[in-house]
Structures are given as C-alpha cells and as structure tokens.
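First comes the structure, then the notes that go with it.
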Amino acid sequence: MKNLYALAEFGKVTLREETIGHPGPGQVLLKAITTALSPGTERGIMEASEFPLPQRLGYAYYGEVIEIGENVQTLKVGDHVVATGQHQQYIILPEFICTPVPEGIAPEIAPFFNLCHTAMYGIRRSKIQLGESVLVLGQGIIGSLLAQQAKLAGACPVIVTGRTDKKLEFAKSLGIHHCINVRKDPDALKKLVDEIGGVDVVFEAAGDPSLLQEATTYVAERGRVMCMSSLHPGDSLDLRDLYMKGASFIGGYVNSKPFALKRYDLYIDPNNWPPKLDPQLRRFVSSDIWTSDEDIRTILKLMKYDMLKIKPYISKVWNYKDISEAYDCVWRK
C-alpha cells in the first residue's frame with residue numbers, strides 16, 4: 001500500500017511516498033482522519049533546534065483502525081483512536097498506545113488530545129485544590145490550556161499573563177478571571193499577587209528561564225511552582241525563595257509517567273480452592289495513579305461534553321495535499 005508522509009527539511013516540509021506493509025502481532029494499521037499541527041514544537045524541528053534534519057513531523061494523530069495484527073485484544077476494525085503518530089495517511093502502531101475515541105467528538109477537535117494532555121499533566125502534578133489560586137506565566141497554547149484546565153479543577157482565581165492583547169482577549173473569552181498585559185502594565189501582576197497574599201500554584205509556560213525565576217517570587221508559602229518548559233544547559237535558577245517559603249518545584253515533562261498499566265486479577269473458581277490468577281491482563285484504572293492513557297481518556301470526555309473548549313484554538317483546517325503551504329505559514333510566522 002502506498003503511504004504519503006510529511007518530511008521536514010530546513011525551513012520547509014514536503015510530502016513523500018513510501019510503501020507500508022501490514023500490522024504485526026499486537027499492532028494495528030490506522031488510516032488518518034485528522035492530525036493536529038503544533039506550530040511551536042514543529043517549527044523548532046524545521047529549524048533543526050530539536051533534532052537533526054530531515055525528520056518526520058507530527059505527534060497528534062486521529063485515525064480509524066483498518067487492519068489488526070495477531071493478538072490484538074482491545075481494538076477492532078472500524079474503531080476510531082488517537083495516538084502519538086506523525087502526519088501520514090497510514091500508520092502502523094502498537095495497540096497499547098492507541099486510545100479509543102468516544103462518539104460525539106468532531107474530527108478537527110480529537111487530535112488536540114496531545115496538547116491538552118501535556119497541560120493536564122501540570123494539573124495532575126500540581127494537585128490543585130478547590131479554591132486555590134493559580135498563575136500561568138505565558139499564553140501560548142499550552143499556557144492557555146493550563147488556564148482552562150486549572151479553572152475546571154476548581155482554581156480561583158486563575159491569573160494569566162502575556163505580552164499581546166490578542167492572546168489576553170482570547171483568555172478572557174474562555175472565562176479566565178484576570179488577564180494581565182505585563183508589557184503595558186508591568187506593576188499590575190505584583191499588585192494583584194500582593195492583594196491575594198501569594199499564589200498557591202504558579203505555572204511557567206513560556207519557555208523563559210527569567211519567568212521561572214519570577215515564579216519563585218510570586219508563589220505563596222508552601223505553594224508549588226510547575227516548570228512546563230525545558231531548561232537548557234547554562235540556564236541558572238536561584239531557589240532561595242522556594243527554600244524560605246517551604247515551596248515545591250515540580251518538573252512538568254509529560255513523558256515522565258507511564259503511558260499505561262495492566263493488572264493481573266485473582267478469580268474464584270467455584271469448583272476449586274484457592275483463588276487463581278487470571279492469565280488475562282486487564283486495564284488498570286485508579287484515581288490514585290493517572291497514566292497517560294487514562295488522562296487522554298479524561299481529555300476526550302471533557303471534549304465530548306464540551307467542558308474543554310477546543311474549537312477556538314483552530315486557526316485553519318488544511319487538506320493534506322496542502323501541507324507544504326501550511327508549514328510555510330508556520331515558518332514565516
């Protein structure tokens with residue numbers, strides 16, 4: 001079967017063709033319905049700041065199962081799933097990294113699961129409690145999704161900062177309580193933080209080490225600072241404020257948790273004793289342990305019931321044949 005995929009070279013993306021085979025044991029063959037383009041990460045790949053070029057692009061795939069390999073147990077032909085897959089017409093993936101998508105989710109929304117999942121990890125790790133205050137420094141897409149989900153988790157107030165009115169007006173439209181333009185009014189944030197006596201949870205979501213340092217001054221005693229972007233070699237951070245406040249510093253790298261867990265269960269055979277171990281592995285579900293798969297399922301439920309607003313983030317829907325043009329817009333941004 002012929003397969004088209006997106007390949008990034010410096011400053012451009014082109015469609016390439018290859019032959020794709022059949023799924024092996026424990027694998028499924030997916031046909032793409034939609035994929036999501038994340039300008040920040042993928043522009044970084046295009047400029048070779050993340051990985052050597054050429055590279056395949058994409059990490060948010062929504063597709064239909066069209067063929068299954070041997071020993072696939074949880075999926076069948078016709079199922080719709082999301083997975084961390086690249087921009088390509090067909091893809092073969094292990095069954096266990098595909099998460100089923102419930103009915104009622106629009107195809108242009110489903111592939112946003114991965115960006116939402118990244119933000120949700122920050123919500124889970126920070127353990128936001130009902131009524132706690134939250135500050136999100138930076139209103140890129142991850143920062144915006146963090147603010148939305150913090151509000152869903154019961155944070156009050158939710159404060160966001162940015163440097164452009166457009167992004168802050170967008171945050172207001174999502175119901176965020178305080179949206180501060182730090183370029184126009186550099187004193188407004190400190191004044192608000194002083195009024196509420198420090199912020200319980202501060203998220204740094206702008207990829208700026210200076211903002212991460214700033215977060216340590218805004219966090220309240222015994223509060224939490226979540227680092228949602230990567231520090232680079234040579235970046236320094238003074239942690240004395242955190243130490244004196246008894247506050248915590250938490251890394252927010254989403255792939256630092258297990259993707260999924262399986263369990264063995266004991267069962268009682270009415271004709272024999274003692275109970276025996278069921279050889280069939282089953283999905284492990286526990287509110288004490290949130291795996292990536294369980295968080296993605298939660299994201300999809302929030303999408304289905306329109307609790308998480310995703311459509312406002314979609315700037316344009318492209319046909320796959322126009323992917324070079326789409327990435328040209330990313331490159332020129």
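Note that the numbering used here has the sequence shown beginning at 1, numbered continuously upward.
Even for Gly, the Cβ is constructed at its ideal location relative to N, Cα and C.
Cα-Cα, which of V136, D295, E204, Q280 is closest to A171? Minimum Cα distance to A171 is reached at V136.
Local conformation of P111 per DSSP, three classes: DSSP places P111 in the helix class (H, G or I) of the three-state scheme.
From the DSSP secondary-structure annotation, give me the bridge partner or partners of R240. The partner list for R240 (beta bridge, DSSP) is empty, contrary to what the question assumes.
Sorted by chain position, which residues of the same chain lie with C-beta nearer than 6 Å to L75's C-beta, five sequence neighbours on each side aside? Taken in chain order, the residues that qualify are V28, V65, E95.
If I measure Cβ to Cβ from V160 and keep anything under 6 Å in the same chain, skipping five residues before and after, which residues do I get? Around V160: V136, Q139, A147, A171, I176, C179.
Near S324, which residues of its chain fall below 8 Å by C-beta distance, leaving aside the five closest residues on each side in sequence? Within its own chain, the residues whose Cβ lies closer than 8 Å to the Cβ of S324, once the five positions on either side in sequence are excluded, are K12, V13, T14, L15, listed in chain order.
Helix or strand or just coil, what does DSSP make of F294? With the sequence shown as reference, residue 294 is identified as Glu, and Phe is not the correct amino acid for it. Note: E294 maps to helix in three-state DSSP.
For L48 and D194, I'd like the C-alpha separation in whole angstroms. First, the amino acid is wrong: residue 48 is Ala here, not Leu. Using only the alpha carbons, I get a separation of about 42 Å.
At which residues does the beta strand (DSSP E) containing L212 begin and terminate? Taken as a continuous stretch (DSSP letters only), L212 belongs to no beta strand (DSSP E), being part of the alpha helix (DSSP H) at 209-218.
Look up E95 in the DSSP assignment and say whether it is helix, strand or coil. Residue state, collapsed to three classes: helix.
Could you please give the first and the last residue of the uninterrupted beta strand (DSSP E) stretch that includes Q27? Boundaries of the beta strand (DSSP E) harbouring Q27: 27-35, taken from the DSSP string.
Does the Cβ-Cβ distance between I289 and S126 come in under 9 Å? It is not a contact, given that the beta carbons lie outside the stated cut-off.
Can you tell me whether H80 is buried or exposed? The criterion is at least 16 other CB atoms within 10 Å of its CB, across all chains shown. Looking at its Cβ environment, which holds 16 or more other Cβ atoms inside 10 Å, H80 is buried.
What are the boundary residues of the beta strand (DSSP E) that includes C179? From DSSP, the beta strand (DSSP E) with C179 extends over 178-181.
What's the C-alpha gap between A106 and K276? Per the coordinates, the alpha-carbon of A106 lies some 44 Å from the alpha-carbon of K276.
Every unbroken alpha helix (DSSP H) within the segment 120-205, with a cutoff of 4 residues, ordered by chain: Restricted to the segment 120-205, the alpha helix (DSSP H) segments that are unbroken, complete and at least 4 residues in length are 141-152, 165-173, 188-196, listed in chain order.
Report the three-state DSSP secondary structure of K321 (helix, strand or coil). K321: helix per DSSP, three-state reduction.
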